[in-house]
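Okay, so here's the structure we're looking at.
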Amino acid sequence: MKQGEQLLHAYEKVRSDTIPPNMTGNIDFMIYRERYQAVMNQALLENAKENYDLILHPWQKKVLNLLVDQGNRRVLWVWDYDGNSGKSELSKFLMMKRDFQLLSPGRTHDLCSIINPFAKGFIFDCARNSFSGSGIRRINAMYEILEDLKNKFLVSGKYKGCEKITLYNTVIVFANQLPNLDRLSLDRWDFFHTKLG
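If you want it as C-alpha coordinates, here you go:
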(Lines of atoms letter the chains of each structure in order from A and count residues from 1; the text may use other names and numbers.)
(Lines give C-alpha, C1' and ligand atoms only; values in the text may rest on other atoms or scores of the structure.)
Protein backbone atom coordinates (compact mmCIF):
# COMPACT_ATOMS: atom_id res chain seq x y z
CA MET A 1 0.00 0.00 0.00
CA LYS A 2 1.36 3.43 -0.95
CA GLN A 3 1.96 6.13 1.69
CA GLY A 4 -0.96 8.29 0.61
CA GLU A 5 -3.31 5.29 0.64
CA GLN A 6 -2.14 4.29 4.14
CA LEU A 7 -2.81 7.74 5.52
CA LEU A 8 -6.23 7.87 3.89
CA HIS A 9 -7.06 4.47 5.38
CA ALA A 10 -6.11 5.78 8.84
CA TYR A 11 -8.20 8.89 8.21
CA GLU A 12 -11.28 6.80 7.53
CA LYS A 13 -10.87 5.18 10.95
CA VAL A 14 -10.63 8.51 12.80
CA ARG A 15 -12.91 10.85 10.87
CA SER A 16 -14.05 13.94 12.74
CA ASP A 17 -17.70 12.85 12.67
CA THR A 18 -16.85 9.80 14.84
CA ILE A 19 -15.46 11.96 17.68
CA PRO A 20 -17.67 12.16 20.81
CA PRO A 21 -19.39 15.58 21.11
CA ASN A 22 -18.03 16.14 24.65
CA MET A 23 -14.46 16.22 23.28
CA THR A 24 -14.95 18.76 20.49
CA GLY A 25 -14.79 21.78 22.84
CA ASN A 26 -11.52 20.69 24.43
CA ILE A 27 -8.70 23.12 23.48
CA ASP A 28 -6.00 20.42 23.36
CA PHE A 29 -8.26 18.32 21.19
CA MET A 30 -8.86 21.25 18.82
CA ILE A 31 -5.11 21.89 18.47
CA TYR A 32 -4.39 18.24 17.73
CA ARG A 33 -7.37 18.05 15.39
CA GLU A 34 -6.01 21.00 13.40
CA ARG A 35 -2.60 19.33 13.14
CA TYR A 36 -4.27 16.06 12.21
CA GLN A 37 -6.26 17.75 9.47
CA ALA A 38 -3.06 19.32 8.10
CA VAL A 39 -1.46 15.87 7.98
CA MET A 40 -4.55 14.47 6.30
CA ASN A 41 -4.56 17.26 3.72
CA GLN A 42 -0.96 16.32 2.95
CA ALA A 43 -2.01 12.66 2.72
CA LEU A 44 -4.76 13.54 0.25
CA LEU A 45 -2.24 15.45 -1.86
CA GLU A 46 0.29 12.59 -1.72
CA ASN A 47 -2.41 10.09 -2.68
CA ALA A 48 -3.49 12.28 -5.59
CA LYS A 49 0.14 12.60 -6.74
CA GLU A 50 0.67 8.84 -6.60
CA ASN A 51 -2.43 8.17 -8.68
CA TYR A 52 -2.22 11.10 -11.10
CA ASP A 53 -1.43 10.40 -14.72
CA LEU A 54 -1.62 12.53 -17.85
CA ILE A 55 -0.96 11.65 -21.47
CA LEU A 56 0.73 14.80 -22.70
CA HIS A 57 -0.23 16.56 -25.93
CA PRO A 58 2.73 17.39 -28.22
CA TRP A 59 2.49 21.10 -27.31
CA GLN A 60 2.61 20.23 -23.60
CA LYS A 61 5.83 18.26 -24.13
CA LYS A 62 7.34 21.28 -25.91
CA VAL A 63 6.44 23.50 -22.97
CA LEU A 64 8.10 21.09 -20.52
CA ASN A 65 11.27 21.22 -22.64
CA LEU A 66 11.17 25.03 -22.64
CA LEU A 67 11.00 25.04 -18.84
CA VAL A 68 14.19 22.98 -18.56
CA ASP A 69 16.28 25.74 -20.16
CA GLN A 70 14.32 28.77 -18.99
CA GLY A 71 17.25 30.68 -17.54
CA ASN A 72 17.37 33.27 -14.78
CA ARG A 73 15.46 36.12 -16.44
CA ARG A 74 12.71 34.72 -18.62
CA VAL A 75 9.06 34.02 -17.81
CA LEU A 76 7.20 31.53 -20.02
CA TRP A 77 3.72 32.79 -20.95
CA VAL A 78 1.59 29.99 -22.44
CA TRP A 79 -1.64 31.18 -24.01
CA ASP A 80 -4.50 30.55 -26.38
CA TYR A 81 -7.60 32.64 -26.80
CA ASP A 82 -10.12 29.82 -27.26
CA GLY A 83 -9.33 27.87 -24.09
CA ASN A 84 -9.96 24.18 -23.40
CA SER A 85 -6.58 23.20 -24.83
CA GLY A 86 -5.05 21.59 -21.73
CA LYS A 87 -3.35 24.53 -20.00
CA SER A 88 -4.93 23.80 -16.61
CA GLU A 89 -4.17 20.09 -16.99
CA LEU A 90 -0.51 20.91 -17.61
CA SER A 91 -0.63 23.17 -14.57
CA LYS A 92 -1.93 20.25 -12.51
CA PHE A 93 0.74 17.96 -13.99
CA LEU A 94 3.49 20.39 -12.96
CA MET A 95 2.10 20.47 -9.41
CA MET A 96 1.62 16.71 -9.11
CA LYS A 97 4.70 15.39 -10.89
CA ARG A 98 7.25 18.22 -10.93
CA ASP A 99 6.72 19.81 -7.49
CA PHE A 100 5.73 23.23 -8.81
CA GLN A 101 3.61 25.55 -6.67
CA LEU A 102 0.37 27.00 -8.01
CA LEU A 103 -0.19 30.65 -7.09
CA SER A 104 -3.11 32.97 -7.75
CA PRO A 105 -2.34 36.30 -9.39
CA GLY A 106 -1.79 38.89 -6.68
CA ARG A 107 0.64 41.17 -4.92
CA THR A 108 3.97 40.12 -3.42
CA HIS A 109 2.93 41.06 0.11
CA ASP A 110 -0.19 38.88 -0.21
CA LEU A 111 1.69 35.89 -1.61
CA CYS A 112 5.04 36.10 0.19
CA SER A 113 3.96 34.13 3.24
CA ILE A 114 2.61 31.20 1.20
CA ILE A 115 5.52 30.88 -1.21
CA ASN A 116 7.24 27.53 -0.78
CA PRO A 117 10.97 28.34 -1.08
CA PHE A 118 11.68 24.71 -2.03
CA ALA A 119 9.17 24.51 -4.91
CA LYS A 120 10.82 23.50 -8.20
CA GLY A 121 8.89 26.24 -10.01
CA PHE A 122 5.88 28.52 -9.83
CA ILE A 123 2.65 28.49 -11.85
CA PHE A 124 0.06 31.18 -12.40
CA ASP A 125 -3.06 29.72 -14.05
CA CYS A 126 -5.09 32.82 -14.90
CA ALA A 127 -8.83 32.58 -15.39
CA ARG A 128 -10.23 34.30 -18.47
CA ASN A 129 -12.07 36.90 -16.36
CA SER A 130 -8.82 37.86 -14.59
CA PHE A 131 -8.07 40.27 -17.43
CA SER A 132 -11.20 42.39 -16.99
CA GLY A 133 -13.09 44.17 -14.24
CA SER A 134 -11.71 43.86 -10.73
CA GLY A 135 -9.44 40.96 -11.76
CA ILE A 136 -7.19 43.30 -13.73
CA ARG A 137 -5.76 44.73 -10.47
CA ARG A 138 -4.55 41.28 -9.42
CA ILE A 139 -3.07 40.64 -12.87
CA ASN A 140 -1.26 43.99 -12.80
CA ALA A 141 0.10 43.16 -9.34
CA MET A 142 1.16 39.71 -10.57
CA TYR A 143 3.77 41.22 -12.89
CA GLU A 144 5.70 42.45 -9.83
CA ILE A 145 5.85 39.01 -8.24
CA LEU A 146 6.90 37.43 -11.56
CA GLU A 147 10.04 39.53 -11.46
CA ASP A 148 10.58 38.83 -7.75
CA LEU A 149 10.33 35.07 -8.33
CA LYS A 150 12.81 35.25 -11.21
CA ASN A 151 15.18 37.15 -8.90
CA LYS A 152 14.69 34.42 -6.23
CA PHE A 153 14.01 37.02 -3.56
CA LEU A 154 10.70 38.29 -2.19
CA VAL A 155 10.12 40.94 0.46
CA SER A 156 6.86 42.01 2.08
CA GLY A 157 6.28 44.54 4.83
CA LYS A 158 2.70 43.39 5.43
CA TYR A 159 1.79 42.26 8.96
CA LYS A 160 4.96 40.78 10.51
CA GLY A 161 6.84 41.15 7.27
CA CYS A 162 8.31 38.43 5.15
CA GLU A 163 11.54 37.75 3.33
CA LYS A 164 11.88 34.66 1.19
CA ILE A 165 14.70 33.32 -0.89
CA THR A 166 13.69 30.59 -3.30
CA LEU A 167 15.95 27.80 -4.53
CA TYR A 168 14.45 27.70 -8.02
CA ASN A 169 13.11 30.42 -10.26
CA THR A 170 11.25 28.63 -13.04
CA VAL A 171 8.03 30.57 -13.70
CA ILE A 172 5.17 29.78 -16.06
CA VAL A 173 1.91 31.64 -16.66
CA PHE A 174 -1.13 30.09 -18.35
CA ALA A 175 -3.63 32.57 -19.79
CA ASN A 176 -6.18 33.17 -22.53
CA GLN A 177 -4.40 36.24 -23.87
CA LEU A 178 -0.99 37.84 -24.16
CA PRO A 179 0.35 39.88 -21.22
CA ASN A 180 0.78 43.62 -20.99
CA LEU A 181 4.27 43.78 -22.52
CA ASP A 182 5.06 47.08 -20.81
CA ARG A 183 4.97 45.49 -17.35
CA LEU A 184 8.32 43.66 -17.71
CA SER A 185 11.37 44.25 -19.88
CA LEU A 186 11.00 42.62 -23.28
CA ASP A 187 13.96 40.33 -22.62
CA ARG A 188 11.98 38.77 -19.73
CA TRP A 189 9.28 37.22 -21.93
CA ASP A 190 9.02 33.88 -23.71
CA PHE A 191 5.69 33.18 -25.41
CA PHE A 192 4.13 29.90 -26.43
CA HIS A 193 0.77 29.56 -28.20
CA THR A 194 -0.81 26.14 -27.68
CA LYS A 195 -1.79 25.80 -31.35
CA LEU A 196 1.01 27.73 -33.06
CA GLY A 197 3.94 26.61 -30.91
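Numbering (my numbering), first residue to last: 74 to 270. Glycine residues also receive a C-beta, built at the ideal position from the N, C-alpha and C atoms. None of the values given here were measured: they were computed from a predicted structure.
ALA121 sits in a helix when the DSSP states are folded into three classes. The C-beta distance from PHE226 to VAL151 rounds to 25 Å, too long to fall under 8 Å, and the pair is not in contact. Per the DSSP secondary-structure output, GLN174 pairs in a beta bridge with PHE195. Look at HIS182 here: in three-state DSSP terms it is helix.
For ASP263, the three-state secondary structure derived from DSSP is strand.
Judged by pairs of C-beta atoms under 8 Å, the stretch 235 to 249 touches the stretch 193 to 205, as three or more such pairs exist.
For LEU240, there is no enclosing alpha helix (DSSP H), as DSSP marks it with neither H nor E.
Inter-segment contact for the stretch 164 to 181 and the stretch 256 to 263 is absent: fewer than three beta-carbon pairs are separated by less than 8 Å.
In the three-state reduction of the DSSP assignment, ALA248 falls in the strand class, which pools E and B. For LEU227, the enclosing beta strand (DSSP E) covers residues 226 to 229.
If you draw a 10 Å sphere on the C-beta of ASP221, you find 16 or more other C-beta atoms in it, and that means buried. Taking each of SER186, ILE212 and SER205 in turn and checking the Cα distance to PRO178, the smallest one comes out for ILE212. Under the DSSP definition of a beta bridge, TRP152 partners with ALA248 and HIS266.
Take the alpha-carbon of SER258 and the one of ASN145: they are about 14 Å apart. Counting C-beta atoms within 10 angstroms of its own C-beta, ASP153 has 16 or more neighbours from the protein chains shown and is therefore classed as buried.
Looking only at GLU217, THR267, ILE209 and ASP172, the smallest Cα-Cα distance to LEU240 is reached by ASP172. Straight through space, the alpha carbons of LYS134 and GLY194 are spaced by roughly 17 Å. Assigned with DSSP and collapsed to three states, ILE187 falls in helix.
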